[in-house]
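With the working numbering applied, the sequence shown corresponds to residues 10 to 91, in that order. We put the beta carbon where it would ideally sit given N, CA and C, even for glycine. Below is one structure, written out as structure tokens, with a few remarks after it.
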Amino acid sequence: MPDRDDGNKDRKEGVAAPDNVEPLRPARPCPICGKSSIRKYHPFCSKHCADIDLHRWLSGSYAIPVVEEDGSVPDGGENGDG
Ligand SMILES: [Zn+2]
Numbered sequence: 010m011p012d013r014d015d016g017n018k019d020r021k022e023g024v025a026a027p028d029n030v031e032p033l034r035p036a037r038p039c040p041i042c043g044k045s046s047i048r049k050y051h052p053f054c055s056k057h058c059a060d061i062d063l064h065r066w067l068s069g070s071y072a073i074p075v076v077e078e079d080g081s082v083p084d085g086g087e088n089g090d091g
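Written out as structure tokens, the structure is:
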């Protein structure tokens, strides 16, 4: 009995994956509090700071408010064993 070999699979090669990543610009710190700004509220870090800046202009006098926030920063620091 002849052994039939029906293992003729079609393998796809040449995966077209766009590897052209745009160069990220140097992230500027929030001009209000100095935190890392996010794209959503660029160039501010959050809507809070964005509003502050806005109010400054509305108010007229561009003064520096006292922003003191004492909280835990979302910085990853966990010990994981993979
Ligand atoms: Zn901020």
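Taking 7 Å as the cut-off, the C-beta of residue 55 counts as close to a heavy atom of ligand 1. Setting aside the 5 residues that flank it on each side, residue 54 is surrounded in the same chain by 39, 42, 44, 45, 46, 47, each with a C-beta closer than 7 Å to its C-beta; the list follows chain order. Following the DSSP letters along the chain, one finds residue 57 inside the alpha helix (DSSP H) bounded by residues 56-68. Ligand 1 has a heavy atom closer than 7 Å to the beta-carbon of residue 44.
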